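Protein chains: 2
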Amino acid sequence: MYQQASRRSEKQKISTELLILTYGTLVAQLCEDCEKDEDINKELDKMGRNIGTRLVEDFLARSNVAQCRNFYETAEVIAKVAFKMYLGVTPRVTFWSQTGDDCSLFLEKNPLMGYVEIPEKRSCLLYSNMICGILKGALKMVCLQVDIQLLQDSAKDDKVTEIRMKLMRRHRVVRTVEKKQKYCVDS
Amino acid sequence: MYQQASRRSEKQKISTELLILTYGTLVAQLCEDCEKDEDINKELDKMGRNIGTRLVEDFLARSNVAQCRNFYETAEVIAKVAFKMYLGVTPRVTFWSQTGDDCSLFLEKNPLMGYVEIPEKRSCLLYSNMICGILKGALKMVCLQVDIQLLQDSAKDDKVTEIRMKLMRRHRVVRTVEKKQKYCVDS
Chain A
1 MYQQASRRSE KQKISTELLI LTYGTLVAQL CEDCEKDEDI NKELDKMGRN IGTRLVEDFL
61 ARSNVAQCRN FYETAEVIAK VAFKMYLGVT PRVTFWSQTG DDCSLFLEKN PLMGYVEIPE
121 KRSCLLYSNM ICGILKGALK MVCLQVDIQL LQDSAKDDKV TEIRMKLMRR HRVVRTVEKK
181 QKYCVDS
Chain B
188 MYQQASRRSE KQKISTELLI LTYGTLVAQL CEDCEKDEDI NKELDKMGRN IGTRLVEDFL
248 ARSNVAQCRN FYETAEVIAK VAFKMYLGVT PRVTFWSQTG DDCSLFLEKN PLMGYVEIPE
308 KRSCLLYSNM ICGILKGALK MVCLQVDIQL LQDSAKDDKV TEIRMKLMRR HRVVRTVEKK
368 QKYCVDS
């Protein structure tokens, strides 16, 4: 159903509400389709990865960010540029591990939660799980294999949304001379 | 799954791409769920109406538009304020009937179509049909019963998107003294 997006010179900006409601409709549809919350969470993650692999192209074209030298920089770009651009908020990057491979993104206010009330029977639903999938998909396209999980979700009793990111593997970038394209290979 | 949105003072603005991709994911999910294109179109319309009834509250709170005196004004507000606010584009309002009850919204560039290629077997799919539902739902909340149809969809061979709006009925607004709430009743 998808094709490559054409590069757009204009920077269209819209209000968040239609995105919030469309996302809510998508989750509601999955709730109709799937009995188990775990299946919905998996589906949201998969859909997110699919979106992330496409969104990254738009992000790189618009943001003009330089290549990140380490995972600290990557996390900062995700929080301050990507989240701001697509969700209108800036999470706090915190709880770094000593190795610099793990960190958390904290959202005091999750923009996807504007109209949501999760039914009690859906206690294991990770409502915002698509965000994790998007990040995974997008980072994979820039050769970073990152494990991303929603540890807290403000849709539930948790007051904030916490997304934990753990860098698993950094792939080498191979640039083929003929096609001037980049490919990721195992390092 | 929904609750009332809290009024937000800040005007968050985001890029359109995540909305476009999320909408595409929703349509793709419906394509998995439904065999017949007509069922998908109906589902998109129904989902849109559900969204429209909620979105109108946000629209009225943010846009500060005055009450429209006739359907000409309503169509202008939809095109120049609502479409701009939520989809980042301004359709042309044209092909008015002599009675002033019918008109078309023409979109040279449909923002929902950024990444889309409809499979051949889905020839009757009205990809952007949720927009019609949203308009119906939102207009119903301001006491206007409007028949809205997607006549042309740029997802198919049609080069533009044409949304036809026909005012069917204008309901009277009754304001109850006790609750200071508005209700629509048949005129």
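Same order as they appear, the protein sequences are chains A and B. 187 is the number that the numbering used here gives the last residue of the first sequence; the numbers go up by one with no jumps. 374 is the number that the numbering used here gives the last residue of the second sequence; the numbers go up by one with no jumps. C-beta: ideal position from N, C-alpha, C; glycine also. Every value quoted in this text rests on a predicted model; they were computed, and no experiment measured them.
Residue i burial status per 10 Å Cβ neighbour count (16 or more: buried)
i      : result
A:K159 : exposed
A:P119 : exposed
A:S154 : buried
B:K323 : buried
A:A66  : exposed
B:A269 : buried
A:Y86  : buried
A:S123 : exposed
A:E117 : exposed
B:E225 : exposed
B:A248 : exposed
B:E365 : Bear in mind that the predicted position of B:E365 carries a pLDDT of just 46, short of 50, making it too unreliable to give a figure here.
B:E230 : buried
B:K367 : Reliability of the predicted coordinates at B:K367 is poor, the pLDDT of 47 falling under 50, and no value is obtained from them.
Extent of the continuous alpha helix (DSSP H) run through residue i
i      : result
B:E225 : D224 to S250
A:M85  : F83 to L87
A:V77  : F71 to V77
B:K327 : N316 to M328
Contact set for residue i: own chain, Cβ-Cβ below 8 Å, skip 5 residues either direction
i      : result
B:N257 : G287
A:G88  : T16 and P111
B:Y302 : I207, L208 and G211
A:N41  : C124, L125, L126 and N129
B:A325 : G239, T240, L242, V243, F246 and A269
Alpha-carbon spacing of residue i relative to residue j, whole angstroms
i      : j      : result
B:T261 : B:T277 : 14 Å
B:M300 : B:I265 : 20 Å
A:F106 : A:D147 : 16 Å
B:C139 : B:T209 : Residue 139 of chain B is absent from the structure shown; chain B starts at 188 and stops at 374.
B:S250 : B:K271 : 11 Å
B:C290 : B:S284 : 6 Å
A:K109 : A:V27  : 19 Å
A:V93  : A:L30  : 30 Å
B:K343 : A:K166 : 42 Å
B:K200 : A:K36  : 34 Å
A:E32  : B:L205 : 23 Å
Residue range of the unbroken beta strand (DSSP E) whose run includes residue i
i      : result
B:Q200 : One detail in the question is off: residue 200 of chain B reads as Lys in this sequence, not Gln. K200 to S202 is the span of the beta strand (DSSP E), which, as asked, contains B:K200.
B:L293 : Reading off the sequence shown, one finds Phe at residue 293 of chain B, where the question assumed Leu. Its beta strand (DSSP E) spans residues D289 to L294.
B:K353 : T348 to R357
A:R92  : R92 to T94
6 Å CB neighbourhood of residue i in its chain, flanking five on each side removed
i      : result
A:M141 : T53 and V56
B:I321 : G235, I238 and G239
A:K80  : T90
Collapsed DSSP secondary structure at residue i in the structure displayed
i      : result
B:E304 : coil
A:L144 : strand
B:Q216 : helix
B:L337 : strand
A:T99  : coil
B:K343 : coil
B:L312 : coil
A:S187 : Only weak support is given to the placement of A:S187: the predicted model assigns it a pLDDT of 42, under 50, and the question is left unresolved by the model.
Same chain, Cβ closer than 7 Å to residue i, neighbours up to 5 away in sequence not counted
i      : result
B:R356 : Q332
B:Q339 : D345, V347, T348 and E349
B:C319 : D232, G235, I335, Q336, L337 and I350
A:C68  : T74 and V77
A:F95  : C103 and S104
B:K308 : none
B:Y259 : G287
Chain D within 8 Å of residue i, Cβ atoms only
i      : result
B:I238 : No chain D appears in the structure shown, which is made up of the protein chains A and B.
The ligand GTP heavy atom lying under 7 Å from the CB of residue i
i      : result
A:D147 : You won't find the ligand GTP in this model; it holds no ligand whatsoever.
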